[in-house]
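Numbering-wise (my numbering), the sequence shown opens with residue 9 and increments by one.
Structure record follows, encoded as structure tokens.
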Amino acid sequence: AGDTVERPANVVRSWGMTETGSGIVYDGRPLDGVEVAEADGQLLARGPVLLRCYRDGHDPRDADGWRATGDAGSVAPDGQVTVAGRVGDVIVTGGEKVWPEPLETVLATHPAVVDVAVAGRPDPEWGARVVAFVVPAEGAEPPTLDGLRAFVRERLPAYAAPRELVLVDAVPRTLTGKVRRAAPTLDPRVP
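Here it is in structure tokens:
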């Protein structure tokens with residue numbers, strides 16, 4: 009996901025997972041001793057920071073010590089790591105990949121939007137359609153689908169613009185503030 013947020017100099021972007029105990033990539037650079045690779049669009053990690061096994065004895069690493077992370081991304085020739093999002097979160101619409109988080113970041117800047125989540129729903133023409141679940145700003149005119157589409161097209165590729173708008177009272181979130189994409193209101197199987 010692109011990083012368009014300005015941060016103080018002492019704040020860095022990190023990436024890690026439970027199985028590493030903490031961050032393993034800081035500002036796009038893996039820690040010493042950590043290797044990150046990409047296979048079929050998914051990031052893999054290897055190094056001494058990876059856990060050796062779960063409580064049930066299962067080792068999450070392959071025979072060469074690599075662990076599939078479940079995150080999509082890429083590794084540039086100079087080693088710079090870019091994380092696009094969770095593999096299962098991508099919405100493929102009309103053959104184009106739409107990552108929810110960058111779209112949510114843009115939609116959240118709309119003056120009539122307090123909170124937002126993005127998900128995909130099956131679509132007979134597009135394969136999936138991008139759906140914006142929006143908490144409208146109190147006291148403001150609720151946003152319209154056409155208005156949000158125009159807003160997004162000024163900032164992202166046109167294919168990322170939502171094709172459906174659902175106004176909601178709240179966006180379901182985890183304790184860490186991440187969108188609960190498996191919540192019933194965001195379930196792609198619900199027509």
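Backbone N, C-alpha and C fix where the C-beta goes; we use that ideal spot for every residue, glycine too.
Supposed close pair residue i, residue j - CB separation, criterion 8 angstroms
{"i": "VAL139", "j": "GLU172", "result": "4 angstroms"}
{"i": "ASP97", "j": "GLN50", "result": "Incorrect: roughly 13 angstroms between the Cβ atoms, too far for contact."}
{"i": "VAL143", "j": "ALA191", "result": "Going by Cβ atoms, the distance from VAL143 to ALA191 rounds to 14 angstroms, so no, they are not a contact pair."}
{"i": "ALA136", "j": "ARG129", "result": "6 angstroms"}
{"i": "PRO170", "j": "LEU183", "result": "Rounded, the Cβ-Cβ distance is 27 angstroms, inconsistent with contact."}
{"i": "ARG37", "j": "GLY87", "result": "7 angstroms"}
{"i": "VAL57", "j": "ALA125", "result": "Incorrect: roughly 31 angstroms between the Cβ atoms, too far for contact."}
{"i": "VAL200", "j": "LEU115", "result": "Any property of residue 200 remains undetermined from this structure, which presents the chain solely from 9 to 199."}
Nearest neighbour of residue i, chosen from the options [CA to CA]
{"i": "GLU127", "options": "VAL100, ARG54, GLY73", "result": "Note that residue 127 is Ala in the sequence shown here, rather than Glu. Of VAL100, ARG54, GLY73, the residue nearest in Cα terms is VAL100."}
{"i": "GLU146", "options": "TYR62, TYR167, ASP123", "result": "ASP123"}
{"i": "TRP134", "options": "ALA92, PRO119, LEU115, ALA168", "result": "ALA168"}
{"i": "ASP35", "options": "ASN18, GLY29, GLY41, TRP74", "result": "ASN18"}
{"i": "TRP74", "options": "ALA166, THR28, PRO165", "result": "THR28"}
{"i": "ALA47", "options": "ASP70, ALA71, ALA76", "result": "ALA76"}
{"i": "PRO150", "options": "ARG69, ALA166, PRO16, HIS118", "result": "HIS118"}
{"i": "THR26", "options": "LEU59, LEU52, PRO16", "result": "LEU59"}
{"i": "VAL44", "options": "ARG63, ASP64, GLY65, ASP72", "result": "ASP72"}
Proximal residues to residue i (C-beta, below 6 angstroms), its chain only, five neighbours per side dropped
{"i": "LEU39", "result": "ILE32"}
{"i": "ASP67", "result": "CYS61"}
{"i": "VAL106", "result": "ILE99, VAL138, ALA168"}
{"i": "VAL198", "result": "Legend: pLDDT at VAL198 = 49, less than 50; position of this residue unreliable, no value from coordinates given."}
{"i": "ASP131", "result": "ARG137"}
{"i": "ALA166", "result": "none"}
{"i": "GLY185", "result": "none"}
Own chain partners of residue i with C-beta closer than 7 angstroms, once the 5 adjacent residues on each side are dropped
{"i": "SER30", "result": "GLY24"}
{"i": "ALA92", "result": "ALA9, ALA80, GLY81, TRP107"}
{"i": "ARG69", "result": "LEU58, ARG75"}
{"i": "ARG189", "result": "ASP97, ALA127"}
{"i": "ARG63", "result": "none"}
Chain-order list of residues whose beta-carbon lies under 8 angstroms from that of residue i (same chain, five-residue window excluded)
{"i": "ALA84", "result": "THR90"}
{"i": "VAL174", "result": "VAL139, ALA140, PHE141, VAL142, THR193"}
{"i": "VAL95", "result": "GLY49, GLN50, GLY78, ASP79, ALA80"}
{"i": "GLY41", "result": "GLY55, PRO56, VAL57"}
{"i": "LEU164", "result": "PRO110, LEU111, VAL114"}
{"i": "THR152", "result": "LEU173"}
{"i": "ALA148", "result": "PRO119, ALA120"}
Closer than 7 angstroms: residue i CB and nearest the ligand ATP heavy atom
{"i": "PRO130", "result": "Looking at this structure, you won't find the ligand ATP or any other ligand, since it has none at all."}
Contact with chain C by residue i, beta-carbon distance below 8 angstroms
{"i": "ASP72", "result": "Note that chain C does not occur in the displayed structure, where there is just one protein chain."}
Task: Inside the segment 99-139 only - alpha helix (DSSP H) runs reaching at least 4 residues - done: 108-115
Task: Runs of beta strand (DSSP E) wholly within the segment 35-67 (minimum 3 residues, chain order) - done: 43-47, 50-54
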